[in-house]
Structure formats: structure tokens, C-alpha cells
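Number of protein chains: 2
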Amino acid sequence: MSMDAVFRALADPTRRQLLDSLCARNGQTLNALCEHMDMTRQAVTKHLAILEEANLVTTMRRGREKEHYLNPVPINEIAERWIGKFERHRLKALSDLKQRLEREEP
Amino acid sequence: MSMDAVFRALADPTRRQLLDSLCARNGQTLNALCEHMDMTRQAVTKHLAILEEANLVTTMRRGREKEHYLNPVPINEIAERWIGKFERHRLKALSDLKQRLEREEP
DNA sequence: TTGACATGCAACCAAATGGTTGCATATTAA
DNA sequence: TTAATATGCAACCATTTGGTTGCATGTCAA
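Chains A and B, in that order, give the protein sequences. Everything in the first sequence is counted per the working numbering, starting at 18 for the first residue and increasing by one. Everything in the second sequence is counted per the working numbering, starting at 18 for the first residue and increasing by one.
Here it is, written out as C-alpha cells:
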């Protein structure tokens with residue numbers, strides 16, 4: 018589960034919308050997810066495949082339907098491992114910015 | 018400062034590496050940033066422009082050099098406004114996943 | 001003032017991306 | 001069994017993306 022795949026998956030607004038939709042109602046089928054979207058089913062399928070590859074969505078075949086479940090773990094890992102690093106330097110970076118702005122407009 | 022620009026900016030590993038570099042040493046010039054990168058200066062310039070557009074990096078012209086400063090605010094906002102939403106549904110989503118796996122492999 | 005250095009701009013290119021259409025397959029229900 | 005439904009696969013296309021090269025501009029230092 019590469020972090021790169023997660024970042025790339027999150028880069029597209031349609032895919033974030035799909036995650037939102039699953040966040041609102043988990044376990045939706047492909048067709049259910051398509052109803053909110055303004056594109057063909059095949060386009061949605063491709064987006065879901067990318068989300069699956071990033072391990073952000075897990076699926077289960079249930080007869081002729083396919084249920085989609087949100088996996089919150091990768092998002093959580095990004096929050097902890099990646100964003101956390103910047104949080105640790107946040108005050109320092111902000112004071113750098115402040116100093117810069119003060120020098121810029123005296 | 019659209020959140021979409023931030024997500025797209027973060028999607029590229031080179032740009033995340035640039036943010037890492039600025040996190041390690043803030044205020045680097047273009048040439049300094051280029052030294053760590055395995056591509057031409059012009060390519061780095063383009064990446065930095067995207068980071069600037071997402072407001073993740075702010076610059077200051079200092080004579081013939083250009084200093085680059087990390088702006089942690091957009092990352093912080095993503096953490097709070099976007100990731101927070103999924104955090105709130107995290108336990109629910111995880112139990113959904115658990116149930117799904119139990120049904121799948123009995 | 002002149003040469004070296006730091007950056008900017010623009011054209012160009014290959015590959016990836018996001019979308020489409022058309023058809024195939026598999027499952028359910030009448 | 002057959003028709004409708006849910007999804008899968010593949011070819012195709014336009015646009016975006018990430019990179020290059022070549023040259024221009026602006027600033028510092030000898």
C-alpha cells in the first residue's frame with residue numbers, strides 16, 4: 018500500500034466525491050454510486066479501480082452486484098505519518114513566513 | 018485557495034519531496050532546491066509554480082535569488098476539514114469492513 | 001563595464017489521465 | 001428458458017502532465 022497511490026487517488030475531485038458518497042452510505046453498489054455522478058458507469062468504474070488500488074475502497078461481490086466499502090486506514094496513515102511531520106514544523110514555518118512578510122513590506 | 022489545487026499539488030512525489038526539502042531547510046533558493054532533484058531546473062520551476070498556486074509555498078525575490086518558504090496552513094486545513102470528516106466515521110467504517118470480511122471468509 | 005550567475009519564458013514532446021462507445025459476461029426474476 | 005439487470009473488458013480519443021531544450025532577462029562582483 019504505497020502512500021503515492023493514496024495521494025494520486027485523492028488528487029481527483031470525482032474520486033474524493035466517491036469517498037464522500039461512501040462516507041455518507043457505506044457498502045453501495047456500483048450502480049448506486051453512479052447515480053450521484055455525472056459521467057458514464059465505465060468512467061466511475063475506472064475511478065473506483067484507482068481507489069481500490071490505493072486501498073481506500075474494498076469491494077465485495079454479492080451475486081451480480083458489487084458492494085463498495087470505505088477503508089479509512091490509508092487516510093489515517095497519511096494524517097499520522099505525513100501530515101504529522103509538517104505539523105511538527107508548523108509553528109517554525111509560520112514564524113519564517115511572518116518574518117519574510119515583515120521584511121517584504123516594511 | 019481551493020482545496021482541489023492542494024490535493025493536486027500533493028499528488029506528485031517530486032512536489033512532496035520539495036515540501037520535504039523545505040521542511041528540512043526553509044527559505045531555500047531555486048538552485049538549492051534543484052541540487053537534490055534529478056531533473057532540470059526548469060522542471061523544478063514548474064513544480065514549484067504548482068506548489069505556489071496551491072499556496073503551499075510562498076516565495077520572496079532577494080536580489081537575483083528567489084527564496085522559497087513552506088506555508089503549512091493548507092496542509093493543516095486539509096487535515097482538519099477533510100481528513101477530520103473521515104476520522105469521525107472511522108470506527109463505523111472499520112466495523113463495516115470487519116463485518117464484510119467475516120461474511121466473505123466464514 | 002563586463003562576465004558569470006540566478007532565474008524566467010516559450011516551444012515542443014511523450015506519456016499518463018479521464019472520458020467515451022461498443023460489446024461481452026454473469027446473475028436474477030418472470 | 002429467456003429477458004432484464006449489474007458489471008467487466010477493450011479500443012479509442014482529447015487533454016493534461018511532466019519533462020526537455022534553447023534562449024532571454026536581470027543582478028552581482030571583479
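The C-beta atom is built at its ideal place from N, Cα and C for all residues, glycine as well.
| Item | Value |
| --- | --- |
| Measuring straight from C-alpha to C-alpha, what distance separates T46(B) and T57(B)? | 15 Å |
| Mapping the DSSP letters down to three states, classify H64(B) as helix, strand or coil. | helix |
| Spatial neighbours of R79(A) within its chain, please: C-beta separation below 6 Å, excluding the five flanking residues on both sides. | none |
| When you compare the CB of I92(A) with every CB in chain B, is at least one pair closer than 9 Å? | yes |
| Helix, strand or coil for Q77(A) per DSSP? | A small correction: the amino acid at residue 77(A) is Met; Gln does not occupy that position in the sequence shown. Correct three-state label for M77(A): strand. |
| Taking the DSSP output, what are the residues bridged to L87(B)? | V74(B) |
| Rounded to a whole number of angstroms, what is the C-alpha to C-alpha distance between M54(B) and N72(B)? | 21 Å |
| Please list, in chain order, all residues of the same chain as R33(B) whose beta carbon is under 8 Å from its beta carbon, the five residues on each side excluded. | L27 |
| List, in chain order, every chain A residue whose beta-carbon is nearer than 9 Å to that of N88(B). | A110, L111, L114 |
| Along chain A, in chain order, which residues have C-beta atoms closer than 7 Å to that of K102(B)? | C40 |
| Who are the neighbours of G44(A) on chain B, taking C-beta pairs under 7 Å? | D113 |
| Quick one: using the 10 Å Cβ neighbour count with 16 as the cut-off for buried, is R105(A) buried or exposed? | exposed |
| Who does Q45(B) pair with in a DSSP beta bridge? | H85(B) |
| Excluding sequence positions up to five away, which residues of its chain have a Cβ less than 7 Å from the Cβ of V23(B)? | A71, L73, P91, I95 |
| Can you find the residues in the same chain that come closer than 6 Å, C-beta to C-beta, to T31(A), ignoring five residues on each side of it along the sequence? | H64 |
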